[in-house]
Amino acid sequence: MNTMRTLFLNPPSFEGFDGGAGSRYQTTREVRSFWYPTWLAQPAAMIPNSKLIDAPADDLSLAEVIQRAKGFELCVIHTSTPSFDSDVKVAKALKDAYPQMLMGFVGAHVAVLPQESLEAAPHLDFVAREEFDYTILEIAQGKPWEDILGMSYRKNGAISHNNDRPLIENMDELPSVINVYKRDLTIENYFNGYLRHPYLSLYTGRGCPARCSFCLWPQTVSGHLYRVRSAQSVINEMARAKEMFPQVKDFFFDDDTFTANLSRAVEIAKGLKKLGITRACNSRANIPYEYLKIFRENGLRLLLVGYESGNQQILNNIKKGVRTDIAKEFTKNCRKLGIDIHGCFILGLPGETKDTIEETMKYACELDVKTIQVSLSAPYPGTELYRQAMANKWYDESALSRSDGTQACTLHYPHLSSSEIEQAVLRFYSRFYARPKPILRILAGMLKDPNERKRRLREGKEFFQYLRNRKTAKSEAPKKDMAAV
Ligand code: SF4
């Protein structure tokens, strides 16, 4: 069957903006970080002659993207709430250059707000809601639009919404994304502060059974049922990935919670042992010791763990479903087994006070994980947190990012202002990293490995630049209509 020449685009945006199809919250981060555009790579793997362009990671300007888009009949852009206005400008520029090109947006923002998105972006022909892989495939195959599930589109000046598309049940039917990575991406352009460089990430399943009120994807696109690929297909893919990308130092399973299905995670771990690859994945802070031990013995190096807060009431408020005493025990067990942890914390969640901020900083220091990330609570449309924030007037719909792409604090409470929450982020980092233990850990790593030395020096420079920018940006009110492009 003939398919349209399809371009999948993670559009140019703020400098260093990790805003694309792989980023859980979209922002310019403390150190140069880019997630793989895996959500776009998936339909790209299903459409012959497609192309995936990741403009921020490849540092491409809008003019360069327009030049590379020549000859494509269909363009699919992954958008997000913080980057939406900027992405609309990219869509307009492409449509101006190539009026015949069909233009569509995908991502959680348009899944939640299809009508509003099409109204706000007159150059858009359609948006694909929910899981969009097959929606885009059917558009590329030329199927009549009124028959395509999960599609909202413009026709004769009116906007139509087709019925929802059910979630994919058999994940094994999706082709591997690594051929697209090999064909279209430069894997050395993907960094983050805790995975060894170069790293490679992919999904082995979608959805998360947990119900955290702030978390975007399970509430909008991927659902609460963890749908997985068979263990054997994951093992086969990893064997191929190792052969295709011998330079990769860490493989990352980016499933929302890879450990949500423990027996399968064990099967995969055991199957991967003979490949001798180091791995990392997302996990909740409640995995029993015996499972951690099996994972460690079979190549697990690092877990990315959402601790969020050190205050139990806040964890209850956000439906985290994890107790701080269990999280402490889990962290102690990981340390004992030699599993590194990148701990994620969020300030400004419902119930936050000056005291709970202090409590969370103390908790993080007590956990003493290898590296941390401190984010600001962000009310994305489609989440329970957004609905709560609107109902309680904690949020006035100001932009989630500043004009330089860094995260803005948008939530505020009668007893705690946005700027108090935002200032606490810097204090948090200083309190955690200016202790002897992390300093010694970083120095030891730098002495042992010249690559680590080079990388930490670069990251240190980027981090201090970020702090300087953040201080300057503090007085600047976040703007809804940003001009990134
Ligand atoms: S456990 Fe993690 S991925 Fe799952 S809903 Fe909570 S924050 Fe989201």
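In the working numbering, the protein residues as written are 1 to 485. The C-beta atom is built at its ideal place from N, Cα and C for all residues, glycine as well.
Inter-residue CB distance, residue i and residue j (contact presumed, cutoff 8 Å)
| i | j | result |
| --- | --- | --- |
| Arg441 | Lys370 | 7 Å |
| Ser233 | Tyr36 | Rounded, the Cβ-Cβ distance is 19 Å, inconsistent with contact. |
| Pro81 | His109 | Position check: residue 81 holds Thr in this sequence, whereas Pro was assumed. Between His109 and Thr81 the Cβ distance is about 5 Å, and since that is below 8 Å, they are a contact. |
| Leu426 | Leu467 | 6 Å |
| Leu94 | Ile66 | 6 Å |
| Ala210 | Thr257 | 7 Å |
| Leu275 | Met238 | 6 Å |
| Ser213 | Thr383 | 7 Å |
| Ala41 | Tyr190 | The Cβ separation is near 12 Å, so there is no contact. |
| Leu124 | Cys75 | Between Cys75 and Leu124 the Cβ distance is about 10 Å, and since that is not below 8 Å, they are no contact. |
| Leu302 | Ile341 | 7 Å |
| Leu137 | Pro43 | 6 Å |
| Leu9 | Ala55 | 7 Å |
| Gly310 | Thr324 | 6 Å |
| Asp255 | Asn282 | 6 Å |
| Thr508 | Thr28 | This structure cannot speak to residue 508, because the chain is shown only from 1 to 485. |
Residue i burial status per 10 Å Cβ neighbour count (16 or more: buried)
| i | result |
| --- | --- |
| Ser263 | exposed |
| Arg435 | exposed |
| Ala269 | buried |
| Gln219 | buried |
| Ser86 | buried |
| Lys320 | buried |
| His415 | exposed |
| Gln373 | buried |
| Met151 | buried |
| Pro246 | exposed |
| Gly19 | buried |
| Gln141 | exposed |
| Asn170 | exposed |
| Ser33 | buried |
| Asp96 | exposed |
| Ala391 | exposed |
| Ala111 | buried |
| His224 | exposed |
| Ala280 | buried |
| Asp172 | exposed |
| Phe253 | buried |
| Arg183 | exposed |
| Arg458 | exposed |
| Asn451 | exposed |
| Gly207 | buried |
Per DSSP, cross-strand counterpart(s) of residue i
| i | result |
| --- | --- |
| Ser535 | One cannot answer for residue 535 here, as it falls past the ends of the chain, which runs 1 to 485. |
| Tyr413 | Leu416 |
| Tyr199 | Asp250 |
| Met101 | Per DSSP, none; premise fails for Met101. |
| Arg279 | Phe251, Leu300 |
| Arg227 | Arg206 |
| Ala41 | Looking at the DSSP assignment, Ala41 forms no beta bridge with any residue, so it has no partner. |
| Phe8 | Leu52, Val76 |
| Cys344 | Gly306, Gln373 |
| Ser401 | Gln407 |
| Phe17 | Thr28 |
| Phe126 | Gly104, Tyr153 |
When the options are compared against residue i, the one with the closest alpha-carbon
| i | options | result |
| --- | --- | --- |
| Lys89 | Pro114, Gln67, Leu62 | Leu62 |
| Arg456 | Thr410, Tyr194, Leu349, Val112 | Tyr194 |
| Ala121 | Lys92, Leu40, Gly16, Leu300 | Lys92 |
| Glu488 | Leu60, Ala408, Ser83 | The question about residue 488 has no answer here: the residues shown for the chain are numbered 1 through 485. |
| Pro350 | Gly338, Arg335, Leu337, Gln388 | Gln388 |
| Tyr199 | Arg206, Ile77, Ile187 | Ile187 |
| Tyr429 | Ser23, Thr278, Met1, Glu30 | Glu30 |
| Thr278 | Leu174, Phe295, Cys344, Glu267 | Phe295 |
| Leu347 | Lys155, Leu315, Gly338 | Leu315 |
| Cys334 | Gln312, Thr324, Pro288 | Pro288 |
| Val180 | His412, Asp449, Ser50 | Ser50 |
| Tyr226 | Gly205, Ala241, Arg240 | Gly205 |
| Lys248 | Arg196, Arg229, Val266 | A small fix is needed here, since residue 248 is Val in this sequence, not Lys. Minimum Cα distance to Val248 is reached at Arg196. |
| Phe126 | Glu116, Leu113, Phe105 | Phe105 |
| Asn236 | Leu185, Cys208, Pro175 | Pro175 |
| Leu304 | Ile339, Asn298, Leu272, Asn317 | Ile339 |
| Leu385 | Cys215, Ser375, Met101, Ser160 | Cys215 |
| Ser403 | Asn2, Phe345, Met4, Gly16 | Gly16 |
| Pro114 | Tyr153, Gly71, Glu146, Gln100 | Tyr153 |
| Ala231 | Leu300, Ala265, Leu185 | Ala265 |
| Leu486 | Gly71, Leu185, Asp147, Thr79 | It is not possible to answer for residue 486, since the shown part of the chain is limited to 1 through 485. |
| Glu64 | Met4, Ser13, Gln100 | Ser13 |
*asked:* Assess contact between the segment 441-461 and the segment 373-385, defined as three or more Cβ pairs (one per stretch) separated by less than 8 Å. Is contact present?
replied: Too few Cβ pairs lie closer than 8 Å, so no.
*asked:* I want to know whether the segment 392-407 touches the segment 359-373 - three or more CB-CB distances under 8 Å.
replied: The segment 392-407 vs the segment 359-373: no contact.
*Touching by the beta-carbon criterion (3+ pairs, under 8 Å), the segment 350-359 and the segment 321-336*: Fewer than three beta-carbon pairs drawn from the segment 350-359 and the segment 321-336 are found closer than 8 Å, and the two stretches are therefore not classed as touching.
_Three-pair Cβ contact test at 8 Å for the segment 124-131 versus the segment 150-167_ = At 8 Å Cβ cutoff, the stretches touch.
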